[in-house]
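Chemist: One structure follows; several queries about it will come next.
There are 4 protein chains.
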Amino acid sequence: MIVVMKVGAPEDEIARVSDEFSQWGLSPEKIVGKHKVVIGLVGDTATLDPLQLQEISPWIEQVLRVERPYKRASREYRHGEPSEVWIETPAGKVGFGEHQPVAIIAGPCSVENEVMIVETAQRVKAAGAKFLRGGAYKPRTSPYSFQGHGESALGLLAAAREASGLGIITEVMDTADVEKVAEVADVLQVGARNMHNFALLKKVGAQSKPVLLKRGMSATIDEWLMAAEYVLAAGNPNVVLCERGIRTFDSKYARNTLDLSVIPILRSLTHLPIVIDPSHGTGWWEYVPAMAMAALAAGTDGLMIEVHPNPPKALSDGPQSLTPERFERLVGELATIGKAIGRWPQPALALA
Amino acid sequence: MIVVMKVGAPEDEIARVSDEFSQWGLSPEKIVGKHKVVIGLVGDTATLDPLQLQEISPWIEQVLRVERPYKRASREYRHGEPSEVWIETPAGKVGFGEHQPVAIIAGPCSVENEVMIVETAQRVKAAGAKFLRGGAYKPRTSPYSFQGHGESALGLLAAAREASGLGIITEVMDTADVEKVAEVADVLQVGARNMHNFALLKKVGAQSKPVLLKRGMSATIDEWLMAAEYVLAAGNPNVVLCERGIRTFDSKYARNTLDLSVIPILRSLTHLPIVIDPSHGTGWWEYVPAMAMAALAAGTDGLMIEVHPNPPKALSDGPQSLTPERFERLVGELATIGKAIGRWPQPALALA
Amino acid sequence: MIVVMKVGAPEDEIARVSDEFSQWGLSPEKIVGKHKVVIGLVGDTATLDPLQLQEISPWIEQVLRVERPYKRASREYRHGEPSEVWIETPAGKVGFGEHQPVAIIAGPCSVENEVMIVETAQRVKAAGAKFLRGGAYKPRTSPYSFQGHGESALGLLAAAREASGLGIITEVMDTADVEKVAEVADVLQVGARNMHNFALLKKVGAQSKPVLLKRGMSATIDEWLMAAEYVLAAGNPNVVLCERGIRTFDSKYARNTLDLSVIPILRSLTHLPIVIDPSHGTGWWEYVPAMAMAALAAGTDGLMIEVHPNPPKALSDGPQSLTPERFERLVGELATIGKAIGRWPQPALALA
Amino acid sequence: MIVVMKVGAPEDEIARVSDEFSQWGLSPEKIVGKHKVVIGLVGDTATLDPLQLQEISPWIEQVLRVERPYKRASREYRHGEPSEVWIETPAGKVGFGEHQPVAIIAGPCSVENEVMIVETAQRVKAAGAKFLRGGAYKPRTSPYSFQGHGESALGLLAAAREASGLGIITEVMDTADVEKVAEVADVLQVGARNMHNFALLKKVGAQSKPVLLKRGMSATIDEWLMAAEYVLAAGNPNVVLCERGIRTFDSKYARNTLDLSVIPILRSLTHLPIVIDPSHGTGWWEYVPAMAMAALAAGTDGLMIEVHPNPPKALSDGPQSLTPERFERLVGELATIGKAIGRWPQPALALA
């Protein structure tokens, strides 16, 4: 930490402040600048809050954190090595990670009925997906919109899993539902609206299924990694980060702004794998293929794409869903780039 | 709803689309423009999702909602009249509403110990506050930061209530805690980070204590009112809206941007009372007085201000807390404006 | 400046970096932390660019500026004292400053014709305004919108000045027009869209009329003060800062978000006077009174309010313009607060 | 245009409003909804301002534009066909367009001296670039930062053009400099900070060199296309749009948020070619390769990349500049993707 004193801070106040830091077990080192005095703090500062230090004296202008505020999520925590999250699916283990082929998650926004979810699962599996997405519990802006079929939809997801061999990723929104969802899902999704639901983060951190953690609509990268830290600190090391678009000043054409720069940025900050969701990230299926291609070229470890057998009849998110036919075509185009950059599954592995 | 067809939409597709709307019980009315055809939909469109309608045909360019997406929260729902939320406190009933004096909520970020919370309560009561704020459960960005004393702090709030006569406002973060918190609190706070925690909104809507609903960091006004609609639709009519600053591109000096324009805007959209929180809204106590004055002059129904007996030692949010002395001074300054605009409590009432 | 080295930076690289800084005339002071080494730089760092320093070595993680990037605009430059900008108007000198009464600027978006501008000037003068605003050159999003009457409108402003006794504030958009505009205007306005037009800033800095500098739609406070620094550094000490709303994620109801927190923030950073424009700041006349009241209560030195004799017929910005009647009523309401906080002109002065 | 009347609008006011529209040459068509009356306006509404129409009656709730606010920039203007901007360079014609290979622009932020600019030009040409970028006039946040060598740098660009065979793209910031810059440059750049400098847009629209128009830091897509419309309406049909990152709430790691979704969005709205600038778009050279790859995969027509022979010694923008070596490596990686998607120049053409 670096403590910057205001211009004109009295000598004895600087001394008093330094003393106080010493009592916290820190070694203060003073630098006398041309206009200002700066105090460097050496010691274990990771759990200190810069805002709290600032209050020690009205003569403190600012306190700058030089270290990262997260530990387990940091790349340094694994000595620079990426981590891989491996998931047992009926069709074998699939890994999310920087040295793995890109893994595709596909499926509808919400589980509507058994025929629909099973057929979608089989279609996307045939096209190359490894995981089925589909919501049993749906966060909806309006209380009057379809809220998901809830518990009964979990049973349908289990059926689709068995019928297709895909792993299941589904969202949990309430601490009260975590156990129920974890019985069926291979990966628990924490949605963008709940990224700062700390009670939920602790709860999914205390169970054993991997967690797909979506970035909040206006979460900074640091806040997102701190949310991951909540899960990691609670004991669950299997966290996958998912970018799904952020809120900016222009939502007329794309409903969110898909921030693909997180790919190279997260690589330098964290060991955790990265998934990109171009469906929520743009909000319109017409824009999904270009953004999926871009994400793959930028180095994502996974893609999450909404596919619905009949988007006009979808109970939610129709406008951003691809038809199975368009999804197949997109996977073909992705393969061209995936092979060129060496991130596409080997046919042998695909059959495994 | 207004359905805008794309340039060149074929006649028979327009006919087909109109037919489909008719089957939904809507009366489509076609306007043939110079370049485009537009279809107006007459009927009960409030529960329809524009995005869903859009999917009926690839020839639909956009669907515009002309009606508001909320009902119970709308000003029209009460025929233009403001609602008032009255709260039974040990010192008598206090109301939040457009025709009531401004009500002041004050207290620390978190409940630290009994002496601290009881003394703060007595100090802010003496200065003119009607409610004590204080967190038992605290949403913190870092899992390593102080998370609140939880259940034991609820007991301390009860003690402070009894000792001071103030009503209690405290945050609930987990559906599992709603009952526990509602036993002690006079008003349940849903924090900014949980404004989109729909499970929690439904739960606080299903109990009887009034709810203070903070605006999410990047929530639009419509989304905020839809969150209120969740509570209202679940059966709880007593919702107070609280602006606490939004996230913008500049957080160097103020940690959030306090959006005071919500005061006149909400007045035209909703009947619900409005509280402004300049402490979170700026993040620094130095800026709190100017923003509190501004909020009062703009017509707020309540103010929520952080006060801590010893900010440098606060376990959270020290930098944005006023000392009791500064709070007293601020209330004096507020009184000058409050009296000038006729929103200040009568001395007789203040003593009541 | 504080230079933070990456974890694991080699000793000899730290030595080399320190040597390089010494050659720039800076005294580097090294602090060896638990994980990282930090170098404090003492010397004249105001004109150094942190981004440039960063490039000295790939082992540098970040360079933090501890000093402000502006000099002449800083409060320290005047030893903590506010500056006052005094303007000679036909009706006497009027000052913008923290110890002066609030000064009101009113008038239409654009100068439409002589009758309209002269009558508006007389009406707003009678109500209490000291300055007439009115655009000869108008920045319009569309090339097909009315662009202002240009040079001929300057003559009309001169006529309105003479007829009313008000000072004239009008916008200049092109370096080629600065001289022409300065002949007529008492204050040159640099609009939000030109806040980063550095050629224009230099040009208005090199002439003698005071400058009203609007904040760019997405300008940080530091960038705004740096824009002021351009004018000050070019030799013109008379700069007034004008907040007119920033761009955020929600523009459905208010077209911009009026950031009133700049009032206490600028007070601590700069000596320059502050004007608030609630008309552009909200975009709708219904919201103007509440925001004008708020700005006054928060301590603004001036208010800029759009007034049009017949808003429905305005060639631009009708929706945010008050009628003269509504403006008179607003000034009456402002007086109540202005007197309560001691910032209202004395009647004697008003007549002067 | 669609005019939505408020609930309860009186019959005769609706009639009056309709009459007024008729007098403007529009055909109003009334739809009586369950709660509201809506009036569709048929006729030439492209040059009408919705905000102005709104003022016709206080009973108008909102006016929705159904047509695009730009004409010449719209895809429809060219009947759905993309336009191509062809530029005569010493090494032959190069085209920007959807059916052309991706064109690469490279070079330093600013022209520092002859050796530097000529050598950089030769290096980037050898690696595959078609255009040299390099600033003679530099927009800098601080008046104390290097402002570019101005006119003398234009001569150096001419020398680099001759030595390398590359076309020259350089920024113009002042209407007074347009002619001077147009004598040397093959393409005039209007920078992000001047996207709303309408005087400059008109001036570059009135000369004959193609214009590269950068998106403003917080410009919506509509505003950006309206800025292009200024140039097109002034008579210059050769406009290339350049995305360079927008301002969002998080600038800690990437200095801007590169919005790649503009690629598919602009394709559907406009015929104009698209260039992506990942250097300004991220602000750090480490992130440039991933974003360049992504832009190419998403379908950009051009890439603009900062390259400096010695970034640590750069007079501006060092941190976001690639070395020539890194640029060569990046072009190699881009080729892999470019060939896979059929947007890479043929070797024969490359030699031409």
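Chains as they are written, first to last, in my numbering: chain X, 6 to 357; chain S, 6 to 357; chain R, 6 to 357; chain Z, 6 to 357.
Every residue, glycine too, gets a C-beta built ideally from N, C-alpha and C.
#1: Mind listing the chain X neighbours of Z:I268? Cutoff is C-beta to C-beta under 7 angstroms, in chain order.
#2: For S:N199, collect the residues of the same chain with a Cβ closer than 7 angstroms to its Cβ; drop the 5 residues on either side in sequence, then sort them by chain order.
#3: Once you ignore the five residues that flank Z:M298 on each side, which residues in its own chain have a CB closer than 8 angstroms to its CB?
#4: Using a Cβ-Cβ distance cut-off of 8 angstroms, determine whether X:G30 contacts chain S.
#5: So for Z:M231, helix, strand or coil by DSSP?
#6: Counting only beta-carbon atoms, is R:T94 nearer than 8 angstroms to chain S?
#7: Between the segment 176 to 205 of chain R and chain Z, which residues of the former have a C-beta closer than 7 angstroms to a C-beta of the latter?
#8: With a threshold of 8 angstroms on Cβ separation, who are the neighbours of X:L356 within its own chain once the five nearest residues in sequence on each side are excluded?
#9: Here's a check: name, in chain order, each residue in its chain whose Cβ is nearer than 8 angstroms to the Cβ of R:G30, leaving out the five neighbours to either side.
#10: Below 7 angstroms on C-beta distance, what does R:M292 contact in chain S?
#11: Taking a contact to mean a Cβ-Cβ separation below 8 angstroms, would you say R:E176 touches R:G196 in this structure?
#12: For chain R, find out if any of its Cβ atoms is closer than 8 angstroms to the Cβ of Z:T328; answer yes or no.
#13: Please report the residue range of the alpha helix (DSSP H) in which S:E81 lies.
#14: Tell me, please, whether the CB atom of X:K257 is closer than 8 angstroms to any CB atom in chain Z?
#15: Can you list the residues of chain S that X:R252 reaches, using a CB-CB cut of under 7 angstroms?
#16: Grouping DSSP H, G and I as helix and E and B as strand, with all else coil, what is Z:G196?
#17: Just the chain Z side, please: which residues come within less than 9 angstroms of X:A233 by C-beta, in chain order?
#18: Check the Cβ of X:D54 against every Cβ in chain C and list those closer than 7 angstroms, keeping chain order.
#19: Could you tell me which whole alpha helix (DSSP H) segments of length 4 or greater appear in the segment 198 to 275 of chain S?
#20: Does X:H84 pass the burial test, meaning 16 or more other C-beta atoms within 10 Å, or should it be called exposed?
#21: Give me, in chain order, the residues of the same chain whose beta-carbon lies closer than 6 angstroms to that of S:L171; leave out the 5 immediate sequence neighbours on both sides.
#22: Compare the C-alpha of R:S79 against each of R:D255, R:G13 and R:P278 and name the closest.
#23: Report yes or no: do the segment 90 to 106 of chain S and the segment 145 to 152 of chain S share at least 3 C-beta pairs separated by less than 8 angstroms?
#24: I need the DSSP call for Z:L58, collapsed to helix, strand or coil.
#25: Sort X:H40, X:R77, X:A319 and X:I251 by Cα distance to S:S223 and report the nearest one.
#26: Give a yes or no on whether 8 angstroms exceeds the smallest Cβ distance from Z:I69 to chain S.
#27: Note the first and the last residue of the continuous beta strand (DSSP E) segment covering X:Q67.
#28: Could you say if the segment 63 to 76 of chain R and the segment 257 to 273 of chain R meet the contact criterion of at least three C-beta pairs nearer than 8 angstroms?
#29: Is S:M178 helix, strand or coil when you go by DSSP?
#30: In terms of residue numbering, what span does the beta strand (DSSP E) encompassing R:G307 cover?
#31: Taking 8 angstroms as the CB-CB cut-off, is Z:I61 touching chain R?
#32: Between the Cα of Z:F101 and those of Z:Y235, Z:V216, Z:R331 and Z:K257, spot the shortest distance and give me the residue it belongs to.
#33: Could you name the residues of chain Z that S:G85 contacts, counting a contact when the two beta carbons are closer than 8 angstroms?
#34: Determine the closest residue to S:N315 out of X:F203, X:I270, X:L193 and X:I61, with distance taken between C-alpha atoms.
#35: Between the Cα of X:T146 and the Cα atoms of S:G112, S:N118 and S:P55, which residue gives the shortest distance?
#36: When the distance is taken between beta carbons, is X:L53 closer than 8 angstroms to X:I7?
Modeler: Reading it off the structure:
#1: Translated into the one-based positions of the fourth sequence, residue 268 of chain Z becomes position 263. Under the 7 angstroms cutoff, chain X gives A295.
#2: Along the second sequence, one-based indexing puts residue 199 of chain S at 194. For S:N199, where only same-chain residues beyond five positions count, the Cβ hits under 7 angstroms are M178 and L205.
#3: Within the fourth sequence, the letter at position 293 stands for residue 298 of chain Z. E338, L339 and I342, listed in sequence order.
#4: Your numbering for residue 30 of chain X matches position 25 in the first sequence. It does not: the Cβ of X:G30 has no partner Cβ on chain S nearer than 8 angstroms.
#5: Numbered from its first residue, the fourth sequence carries residue 231 of chain Z at position 226. Z:M231 falls in the helix class under three-state DSSP.
#6: Your numbering for residue 94 of chain R matches position 89 in the third sequence. R:T94 does not count as touching chain S.
#7: M178, D179, T180, A181, R198, N199, H201, N202, F203 and A204: these are the residues of the segment 176 to 205 of chain R whose beta carbon lies less than 7 angstroms from some beta carbon of chain Z, given in chain order.
#8: On the first sequence, position 351 is the one that residue 356 of chain X refers to. Caution is warranted here: a pLDDT of 45 is assigned to X:L356, below 50, making its placement in the model unreliable, and no coordinate value can be reported.
#9: Indexing the third sequence from 1 puts residue 30 of chain R at position 25. Excluding residues within five positions, the ones whose Cβ falls inside 8 angstroms are G48 and D49.
#10: Along the third sequence, read from residue 1 onward, the residue named residue 292 of chain R stands at position 287. Checking the sequence, you will find Tyr at residue 292 of chain R rather than Met. Around R:Y292, the beta-carbon contacts reaching into chain S at under 7 angstroms are S266, P269 and I270.
#11: For the purposes of this step, residue 176 of chain R is identified with residue 171 of the third sequence, where counting begins at 1. For the purposes of this step, residue 196 of chain R is identified with residue 191 of the third sequence, where counting begins at 1. Yes; because the gap between Cβ atoms is below 8 angstroms, this pair is in contact.
#12: As a position in the fourth sequence, residue 328 of chain Z is number 323, starting the count at 1. False, the Cβ-Cβ gap to chain R never drops below 8 angstroms.
#13: Here residue 81 of chain S refers to the residue found at position 76 when the second sequence is read from its first residue. Element bounds for S:E81: n/a, residue is neither H nor E.
#14: By one-based count along the first sequence, residue 257 of chain X stands at place 252. Among the CB atoms of chain Z, one or more fall inside 8 angstroms of the CB of X:K257.
#15: Counting from 1 along the first sequence, the entry for residue 252 of chain X is found at position 247. Under the 7 angstroms cutoff, chain S gives S223.
#16: Within the fourth sequence, numbered from 1, the residue matching residue 196 of chain Z stands at position 191. Looking at Z:G196 - three-state DSSP - the assignment turns out to be coil, as it is neither helix nor strand.
#17: Residue 233 of chain X sits at position 228 when you count from the first residue of the first sequence. Neighbours of X:A233 on chain Z: none; closest Cβ ~16 angstroms, over 9 angstroms.
#18: Although the question refers to chain C, the structure presented lacks it and instead comprises the protein chains X, S, R and Z.
#19: Fully enclosed alpha helix (DSSP H) runs of 4 or longer: 203 to 210, 226 to 238 and 267 to 274.
#20: In the first sequence, residue 84 of chain X corresponds to position 79, counting from 1. Taking a 10 Å sphere around the C-beta of X:H84, we find fewer than 16 other C-beta atoms and assign the residue as exposed.
#21: By one-based count along the second sequence, residue 171 of chain S stands at place 166. For S:L171, same chain residues with a beta-carbon under 6 angstroms away, outside a window of 5 residues either side, are A126, K130, F136 and L137 in chain order.
#22: For the purposes of this step, residue 79 of chain R is identified with residue 74 of the third sequence, where counting begins at 1. Nearest option by C-alpha distance: R:P278.
#23: Counting Cβ pairs under 8 angstroms, fewer than three are found: no touch.
#24: The sequence position of residue 58 of chain Z within the fourth sequence is 53, counting from 1. Three-state DSSP puts Z:L58 in a helix.
#25: Translated into the one-based positions of the second sequence, residue 223 of chain S becomes position 218. Relative to S:S223, the option among X:H40, X:R77, X:A319 and X:I251 whose CA is nearest is X:I251.
#26: Here residue 69 of chain Z is taken as the residue at index 64 of the fourth sequence, counted from 1. A quick correction: the sequence has Leu, not Ile, at residue 69 of chain Z. Cβ-Cβ to chain S under 8 angstroms: yes for Z:L69.
#27: For the purposes of this step, residue 67 of chain X is taken as the residue at position 62 of the first sequence. Looking at the DSSP string, the run of the beta strand (DSSP E) that includes X:Q67 is I65 to L69.
#28: Contact between the segment 63 to 76 of chain R and the segment 257 to 273 of chain R is absent, because fewer than three Cβ pairs lie under 8 angstroms.
#29: As a working note, residue 178 of chain S is residue 173 in the second sequence. Shown here, S:M178 sits in coil according to DSSP, grouped into three states, outside any helix or strand.
#30: For the purposes of this step, residue 307 of chain R is taken as residue 302 along the third sequence, with counting starting at 1. Element bounds for R:G307: G307 to E311.
#31: Taking the first residue of the fourth sequence as 1, we reach residue 61 of chain Z at position 56. At least one CB of chain R lies nearer than 8 angstroms to the CB of Z:I61.
#32: Position 96 of the fourth sequence, counting from 1, holds the residue named residue 101 of chain Z. Per the Cα distances, Z:V216.
#33: Your numbering for residue 85 of chain S matches position 80 in the second sequence. S:G85 does not reach chain Z, its nearest Cβ partner there being about 10 angstroms away, counting only Cβ pairs nearer than 8 angstroms.
#34: Stepping through the second sequence from its first residue, residue 315 of chain S is reached at position 310. Closest in C-alpha terms to S:N315, from the list X:F203, X:I270, X:L193 and X:I61, comes X:I61.
#35: For the purposes of this step, residue 146 of chain X is taken as the residue at position 141 of the first sequence. Out of S:G112, S:N118 and S:P55, the CA that lies nearest to the CA of X:T146 is found in S:P55.
#36: To locate residue 7 of chain X, count along the first sequence from 1; it is residue 2. To locate residue 53 of chain X, count along the first sequence from 1; it is residue 48. 8 angstroms or more divides the Cβ of X:I7 from the Cβ of X:L53.
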